[in-house]
Structure formats: structure tokens, C-alpha cells
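*Asks:* Quick one: structure below, then a few questions.
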Amino acid sequence: MSAVEPTIDNMANPALRYLMATRPAFLSVTLVAALIGLASACADGVRLHPLTAVITLLFALVAHAGINVLNDYYDALNGTDDVNRERIFPFTGGSRFIQNGVLTLRETAIFGSILMLLVMVAGVWLTMMSDASLLWIGAAGLFIGWAYSAPPCKLNSRGLGEFAVWSGFALIALGADVVQRGAVSATPLIAVSSYALLVTNLLFINQFPDLKADGVAGKRHWVVRLGHHRARWLYAIIAAAAYGWLVAAVWSGALPWLSLSALAPAVFSIQASTTLVRSSGTPSLLTPAIQQTIAAAVLHGLLLSTAIIVASIF
């Protein structure tokens, strides 16, 4: 067991225990998706409402936290995290809170359910402040997050995990935009698509260290179905699709030319892809590639949202 994994000793503080169970370090990808949604509203001349914008950002994070906790719960039920010996903590193999005895299955299920309930309450309030479509967008997002690992859907086990991740992050941006705009628009979907693809690549590369355990547990995602040798090429294809979408959106006039600044993180995607092609069968060597994948997605989203806002001002 890695020394940095959670244990009863280093998680003795109850508040810290429950906070860290949400895997807060990985919630930044949701924050950035919501920022893209807010930027999209700005791009069309919508004046942002500070209170609803802050509440949107906060509860988007709570939703992701709840999904993380429930994913740990359902992965404990199917046994994949229990048998994972090639995990790269903290990136793959779950939070280890259940496996290391920090939280029980019951405590994890209750905590995740409470977080999701809080999001539902906030979602109803935000719907009252904006548009009824938000209720359906939020419901779809929460369902996808739950169905990702929960039976009987188990989307990731059926090869639909990548689609679920892309859809989930697209819905975050769409919802954040609707809260400000008061109506559904194609603008946030066009803006967030490249970012959602790069976040999808984070899920995809994280499946390589978990390949053996997921296969044993019956999680038939594409890395399991194809094997690491063939699946490794899909990472570059997904990344190319992301940056290609951005260029096409700018070329068509759907995004401002300043958005091309978000191509800069492609260097991280290229480095990660190179490492994955070379070391896909050796999980212990993939840590830099996973870190580069996170950097590529987050930096891309921040540059993109900033470019959209700046272009809307000038």
C-alpha cells in the first residue's frame, strides 16, 4: 500500500475524512466546464448574475463530488478496486477509502446520496431563477453520473463510459449557460466540446493501469475490449478530435479567433500520447502521461474560457 493512501490514522479528523473522500483534487475539471458555460453566456452579451453564477459553480462541484463517492461505492460492490494491484494512486483504482477501512460501504453510500440530494435542492432553486430546461439538463447530468458505474446501467462496463463523460461535462457547461441566459443555446455546446473530449481522454488513459482489475470485475470498457496494445492509439485520436473541433469552430466563426490560444496544451497531449504508445503495457510508467492529460484538459479549458470572455469585451 502506498504511504499516501488514506488510512484511519491519517484521516482521523471526520471533516477531513469526508472532504477527501470526494477526491477534491479532481473537481477542477468540473469547475472549468462550468466556467466555459458562463463564458458562453458572456459571448452572447448576457450579463452574469453573481449569486446564481457562484451557486452554479459550487453545486456543480458538489455534484461531481457526489458522483465520485458513489462511483467508489459501486466499484467496491463489483470488486474492481479490491483486486486492483497496478493502480496509480491517487489517479486510478478509486479513493481507497473503503478498501483501507476509512469509510464503510454504508457510510460511503449515505454520504454520496446526501451530496446528490443537496444538488437536487440547489437545482430546483436555480431552475426557479432561470428556465425550466435546467431541470432536465441537471437530471440528465445526475443520471449519467450515477449510471456510469451503478447497476443495472453500468455504462462504463458496457463501453459507454467515454460517451458518458463527454456528455456529462457538456451538460455542465450547458447548464451553467442556461442559468445565466434563461434559455437553451448551442453556443456552450460548441464551446465545451473540445474540452469535454480532453476530459474524456483522462478517463481513457486512467483505464490502462486498471485494465487487469477491471477485466476481472467484468468492466468491459474499450481498453479491456481492445487490449492495451490496440487501445493506446485511441488516445491520440480523441485528442486530435478535440483540437480539430476547436479549429473548425474558430474557422466557422462559432468561436472567436482568440480561442486558438487553447491549442497550446496540445504539447501535453502529444507528450502523453507518446508515453502511452511506448508504455501502455507498463502501468507504473504512465504517471507522467496521466498528469500531462490533466494539464492539457484544464489549461485548454481555462485558455478557452478566458479567450471567449476577452473577445466578448473587446
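Numbering (numbering that gives the first Met the number 0), first residue to last: 0 to 313.
We put the beta carbon where it would ideally sit given N, CA and C, even for glycine.
Looking at Ser193 and Pro63, is the spacing between their C-beta atoms short of 9 Å?
*Replies:* Residue numbering aside, residue 63 sits at position 64 when the sequence shown is read from its first letter. Residue numbering aside, residue 193 sits at position 194 when the sequence shown is read from its first letter. It should be pointed out that residue 63 corresponds to His in this sequence rather than to Pro. Their beta carbons are not under 9 Å apart, which means His63 does not touch Ser193 by this criterion.
*Asks:* Report buried or exposed for Asn70, applying the criterion of at least 16 other Cβ atoms within 10 angstroms of its Cβ.
*Replies:* In the sequence shown, residue 70 corresponds to position 71, counting from 1. With 16 or more other Cβ atoms within 10 Å, it is buried.
*Asks:* Report the rounded CA-to-CA distance for Cys41 versus Val223, giving the unit in angstroms.
*Replies:* For the purposes of this step, residue 41 is taken as the residue at position 42 of the sequence shown. For the purposes of this step, residue 223 is taken as the residue at position 224 of the sequence shown. Near 42 Å, if we compare the C-alpha coordinates of Val223 and Cys41.
*Asks:* Under the assumption that Thr292 contacts Asn200 (Cβ atoms under 8 Å), give the Cβ distance between them as a whole number of angstroms.
*Replies:* Here residue 292 corresponds to residue number 293 of the sequence shown, with the count starting at 1. Here residue 200 corresponds to residue number 201 of the sequence shown, with the count starting at 1. Confirmed, Cβ separation roughly 6 Å.
*Asks:* With distances taken between CB atoms, is the gap from Gly78 to Ser112 smaller than 9 Å?
*Replies:* Here residue 78 refers to the residue found at position 79 when the sequence shown is read from its first residue. Here residue 112 refers to the residue found at position 113 when the sequence shown is read from its first residue. For Gly78 and Ser112, no; Cβs fall outside 9 Å.
*Asks:* Taking just the CA atoms, how far does Thr305 sit from Leu134?
*Replies:* As a working note, residue 134 is residue 135 in the sequence shown. As a working note, residue 305 is residue 306 in the sequence shown. The straight-line gap from Cα to Cα measures roughly 28 Å.
*Asks:* Which residue from Trp232, Arg157, Phe110 and Ile97 puts its Cα closest to that of Thr6?
*Replies:* If you number the sequence shown from 1, residue 6 lands on position 7. For the residues Trp232, Arg157, Phe110 and Ile97, the minimum Cα distance to Thr6 belongs to Ile97.
*Asks:* Compute the beta-carbon to beta-carbon distance between Asn334 and Ala212, rounded to the nearest angstrom, for a pair I have assumed lies under 8 Å.
*Replies:* Residue 334 lies beyond the residue range present for the chain, which begins at 0 and ends at 313; the question has no answer from this structure.
*Asks:* Can the beta-carbon of Val61 be found less than 9 Å from the beta-carbon of Gln179?
*Replies:* Your numbering for residue 61 matches position 62 in the sequence shown. Your numbering for residue 179 matches position 180 in the sequence shown. Using a Cβ distance threshold of 9 Å, Val61 and Gln179 do not count as a contacting pair.
*Asks:* Under 6 Å Cβ to Cβ from Ser260, same chain only, skipping five residues before and after it: list those, please.
*Replies:* The residue given as residue 260 occupies position 261 in the sequence shown. Result list for Ser260: Leu302 and Ala306, in chain order.
*Asks:* Let me know the secondary structure DSSP gives Asn9 once reduced to three states.
*Replies:* Taking the first residue of the sequence shown as position 1, residue 9 is located at position 10. Coil.
*Asks:* Quick one, which of Leu245, Ser132, Met127 and Leu76 has its alpha-carbon nearest Arg105's?
*Replies:* For the purposes of this step, residue 105 is taken as the residue at position 106 of the sequence shown. For Arg105, the nearest C-alpha among the options comes from Leu76.
*Asks:* Any chance the region 88-97 sits against the region 17-34, with 3 or more Cβ pairs inside 8 Å?
*Replies:* yes
*Asks:* Can you tell me which of Ala169, Leu188, Ala182 and Phe90 puts its alpha carbon nearest to the alpha carbon of Pro287?
*Replies:* Here residue 287 is taken as the residue at index 288 of the sequence shown, counted from 1. Ranking Ala169, Leu188, Ala182 and Phe90 by Cα distance to Pro287 puts Phe90 first.
*Asks:* Would you kindly work out how many angstroms separate the C-alpha atoms of Ala169 and Asp81, rounded to a whole number?
*Replies:* As a working mapping, residue 169 is identified with position 170 in the sequence shown. As a working mapping, residue 81 is identified with position 82 in the sequence shown. Ala169 and Asp81: Cα-Cα distance of roughly 32 Å.
*Asks:* Does the distance from the CB of Met128 to the CB of His48 come in under 9 Å?
*Replies:* To locate residue 128, count along the sequence shown from 1; it is residue 129. To locate residue 48, count along the sequence shown from 1; it is residue 49. Cβ atoms of Met128 and His48: closer than 9 Å.
*Asks:* Roughly how many angstroms lie between the CA atoms of Val246 and Ala239, to the nearest whole one?
*Replies:* In the sequence shown, residue 246 corresponds to position 247, counting from 1. In the sequence shown, residue 239 corresponds to position 240, counting from 1. Cα to Cα, Val246 sits roughly 11 Å from Ala239.
*Asks:* Could you tell me whether the Cβ atoms of Ala146 and Ala163 are closer together than 9 Å?
*Replies:* Residue numbering aside, residue 146 sits at position 147 when the sequence shown is read from its first letter. Residue numbering aside, residue 163 sits at position 164 when the sequence shown is read from its first letter. Yes, the pair counts as a contact, with Cβ atoms nearer than the cut-off.
*Asks:* Tell me the start and end of each unbroken alpha helix (DSSP H) in the region 194-220 that is at least 4 residues and wholly inside, in chain order.
*Replies:* 210-216
*Asks:* Using CA atoms only, rank isn't needed, just tell me which of Ile136, Phe58, Ala11 and Thr51 is closest to Leu102.
*Replies:* Sequence index remark: in the sequence shown, residue 102 carries index 103 (1-based). Taking only the C-alpha atoms, the option nearest Leu102 is Ala11.
*Asks:* With a floor of 4 residues, list each alpha helix (DSSP H) that falls wholly inside the region 236-297, ordered by position along the chain.
*Replies:* 265-278
*Asks:* Going by beta-carbon coordinates alone, are Ala317 and Ile308 separated by less than 9 Å?
*Replies:* Residue 317 lies beyond the range of the chain shown here (0 to 313); nothing can be said about it.
*Asks:* Leaving out five residues before and five after Gln206 in sequence, what residues of the same chain have Cβ atoms less than 6 Å from its Cβ?
*Replies:* Against the sequence shown, residue 206 aligns to sequence position 207. Counting only Cβ-Cβ distances below 6 Å, and skipping sequence neighbours, we find His220 and Val222.
*Asks:* Could you work out which residue in Ala131, Ala59, Trp244 and Ser148 is closest to Leu197 when comparing CA atoms only?
*Replies:* Reading the sequence shown from its first residue, position 198 is the one you call residue 197. The option with the nearest alpha carbon to Leu197 is Trp244.
*Asks:* Does the Cβ of Val297 have 16 or more other Cβ atoms within 10 Å, making it buried, or fewer, making it exposed?
*Replies:* Numbered from its first residue, the sequence shown carries residue 297 at position 298. Val297 comes out buried.
*Asks:* Below 8 Å CB to CB, which residues in the same chain sit around Gly181 once its five sequence neighbours on both sides are set aside?
*Replies:* What you label residue 181 is simply residue 182 of the sequence shown in a count that begins at 1. Ser129 and Asp130.
*Asks:* In the DSSP assignment, the alpha helix (DSSP H) including Phe168 goes from what residue to what residue?
*Replies:* Within the sequence shown, residue 168 is the residue found at index 169, counting from 1. Gly160 to Arg180 is the extent of the alpha helix (DSSP H) around Phe168.
*Asks:* What first and last residue would you give for the alpha helix (DSSP H) that runs through Gly226?
*Replies:* The residue labelled residue 226 in the question sits at position 227 within the sequence shown. Run containing Gly226: none; DSSP gives neither H nor E here.
*Asks:* Which word fits Asp209, buried or exposed, when buried means at least 16 other C-beta atoms lie within 10 angstroms of its C-beta?
*Replies:* Indexing the sequence shown from 1 puts residue 209 at position 210. Sixteen is the threshold: when 16 or more other Cβ atoms of the shown chains lie within 10 Å of the Cβ of Asp209, as they do, the residue is buried.
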